[in-house]
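Asks: Mapping of the sequence shown onto the numbering used here: position 194 corresponds to residue 198, and the numbering continues sequentially without gaps.
Glycine residues also receive a C-beta, built at the ideal position from the N, C-alpha and C atoms.
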Amino acid sequence: MPPGRPTIGVFDSGFGGLTVLKALLEVIPNADYLYFGDTARLPYGSKSAETVAKYAVEASHFLEKQGAGVLVIACNTATALALDTIRRASSVPVIGVIDPGAEQASSASKARKAVVIATEATVGSHAYLKALESRGMEAKEKACPLLVPLVEEGWVEHAVTEQVARIYLQESFAGGFESADVLLLGCTHYPLLKSVLQRVIRPDVIIVDSAESTALVVAQQLGSPLAAQPTDSATKVQFFATDSVEKFRRLGARFLGRSIEEVKHVDLRE
Numbered sequence: 005m006p007p008g009r010p011t012i013g014v015f016d017s018g019f020g021g022l023t024v025l026k027a028l029l030e031v032i033p034n035a036d037y038l039y040f041g042d043t044a045r046l047p048y049g050s051k052s053a054e055t056v057a058k059y060a061v062e063a064s065h066f067l068e069k070q071g072a073g074v075l076v077i078a079c080n081t082a083t084a085l086a087l088d089t090i091r092r093a094s095s096v097p098v099i100g101v102i103d104p105g106a107e108q109a110s111s112a113s114k115a116r117k118a119v120v121i122a123t124e125a126t127v128g129s130h131a132y133l134k135a136l137e138s139r140g141m142e143a144k145e146k147a148c149p150l151l152v153p154l155v156e157e158g159w160v161e162h163a164v165t166e167q168v169a170r171i172y173l174q175e176s177f178a179g180g181f182e183s184a185d186v187l188l189l190g191c192t193h194y195p196l197l198k199s200v201l202q203r204v205i206r207p208d209v210i211i212v213d214s215a216e217s218t219a220l221v222v223a224q225q226l227g228s229p230l231a232a233q234p235t236d237s238a239t240k241v242q243f244f245a246t247d248s249v250e251k252f253r254r255l256g257a258r259f260l261g262r263s264i265e266e267v268k269h270v271d272l273r274e
């Protein structure tokens, strides 16, 4: 990256990638940000690898044209199915969420066993499984399809959500994985459930958030200090969505942890 204030482009199929943006803002305050949510075409999980790659490359090109000097693929599905394609099509560095999460899980685990919870599409790709096994880890993947709609409904601390999480995790930490000491969050919605997940797992299990891991990798790539420092000027964040901007503002605030004032509508087909 050239010296100076970087512009970081963050791409996701919808709202979940805002947890990655939140982590980036905390770790790299001396940057400007572009966030693109392809809300008109979500979910990506039900689409083919070719379609996901096409959509992701279109979004990446859009962010580059807006001035992004580095791209963060916050979408687990796009990272799992299309990261190499996006990198070949991009003229700037591209960072996905899977390898950073796997690397941190490997560093945190003493038992060398991890449980990964994710969407069905991400689990079906086995991207986390391969990334962890390449680091000498045993891994068990568990699809948790009910968690995303519960988060988007705003039921983060609801008793129903805790019961659903308990059932999923009891199944996950079984069958030879009773001793797993890392829970890797393989979906960008799941950081909102950290407190719930912590209550239903063993106290010694470490939760690894791919959003936080990715932000640290981006900071290392940029050579940015990890500790927040006073900025020369206010951080500029621009939001783009392919569907309702009002829905993006309303739902997005839950993921970002702060209000979103302005969202620009984009139609990539134009």
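Could you spell out where the alpha helix (DSSP H) holding PHE177 opens and where it closes?
Replies: Where PHE177 is concerned, there is no enclosing alpha helix (DSSP H), given that its DSSP letter is neither H nor E.
Asks: Thinking C-alpha only, which one of GLY8, LEU25, GLY20 is nearest VAL14?
Replies: Among GLY8, LEU25, GLY20, the Cα nearest to that of VAL14 is on LEU25.
Asks: Contact between the segment 159–170 and the segment 92–109: three or more CB pairs below 8 Å?
Replies: Because the criterion of three Cβ pairs below 8 Å is not met, the segment 159–170 and the segment 92–109 do not touch.
Asks: By a C-beta neighbour count over all protein chains shown, 10 Å radius and 16 as the cutoff for buried, is GLY193 buried or exposed?
Replies: Here residue 193 is His; the residue named in the question, Gly, does not match the sequence. Classification for HIS193: buried.
Asks: Helix, strand or coil: which one does DSSP assign to GLU161?
Replies: Reduced to three states, the DSSP call for GLU161 is coil.
Asks: Opposite ASP36 in the DSSP bridges: which residues?
Replies: The partner list for ASP36 (beta bridge, DSSP) reads THR11.
Asks: Run through the segment 98–146 for me and flag every whole alpha helix (DSSP H) of 4 or more residues, listed as ranges in chain order.
Replies: The qualifying runs are 102–112, 124–129, 131–137.
Asks: Evaluate ALA171 with the Cβ neighbour count: other Cβ atoms within 10 Å of its Cβ, from every protein chain shown; 16 or more gives buried, anything less gives exposed.
Replies: The amino acid at residue 171 is misidentified as Ala; the sequence shows Ile. Looking at its Cβ environment, which holds fewer than 16 other Cβ atoms inside 10 Å, ILE171 is exposed.
Asks: Between the Cα of VAL119 and those of VAL249, VAL61, ILE210, spot the shortest distance and give me the residue it belongs to.
Replies: Of VAL249, VAL61, ILE210, the residue nearest in Cα terms is ILE210.
Asks: Measure the alpha-carbon distance for ILE77 versus HIS65 and round it to whole angstroms.
Replies: Roughly 12 Å separates the two Cα atoms.
Asks: Which word fits ALA163, buried or exposed, when buried means at least 16 other C-beta atoms lie within 10 angstroms of its C-beta?
Replies: That one is exposed.
Asks: When you compare each of SER248, GLY227, THR81, ALA178 to ASN34 by their alpha carbons, which one comes out closest?
Replies: Closest by alpha carbon: GLY227.
Asks: Nearest-angstrom Cα distance between GLY180 and HIS269?
Replies: The straight-line gap from Cα to Cα measures roughly 48 Å.
Asks: Which residues share a DSSP beta bridge with PHE275?
Replies: Shown here, the chain extends from 5 to 274; a query on residue 275 therefore has no answer.
Asks: Residues in the same chain with beta-carbon distance under 7 Å from ARG116, minus the five sequence neighbours each way, listed in chain order, please.
Replies: Once the five neighbours on either side are set aside, the close Cβ partners of ARG116 are GLY140, MET141, GLU142.
Asks: Could you give the DSSP three-state label for LEU150: helix, strand or coil?
Replies: LEU150 falls in the coil class under three-state DSSP.
Asks: Which residue wins for smallest C-alpha separation from GLY21, given the options GLU107, THR43, VAL31?
Replies: That would be THR43, whose Cα lies nearest to the Cα of GLY21.
Asks: Kindly indicate which residue of SER110, ALA184, ALA60, GLU216 has the alpha-carbon position closest to the one of SER94.
Replies: When only C-alpha atoms are compared, the closest one is ALA60.
Asks: Assuming ILE77 is part of the beta strand (DSSP E), what are its boundary residues?
Replies: 74–77 is the span of the beta strand (DSSP E), which, as asked, contains ILE77.
Asks: Could you give the distance in angstroms between the alpha-carbon of VAL155 and the alpha-carbon of GLN70?
Replies: Those two C-alpha atoms are separated by around 30 Å.
Asks: Can you name the residues that DSSP bridges to PHE243?
Replies: According to DSSP, which records beta bridges pairwise, PHE243 is partnered with TYR39, VAL267.
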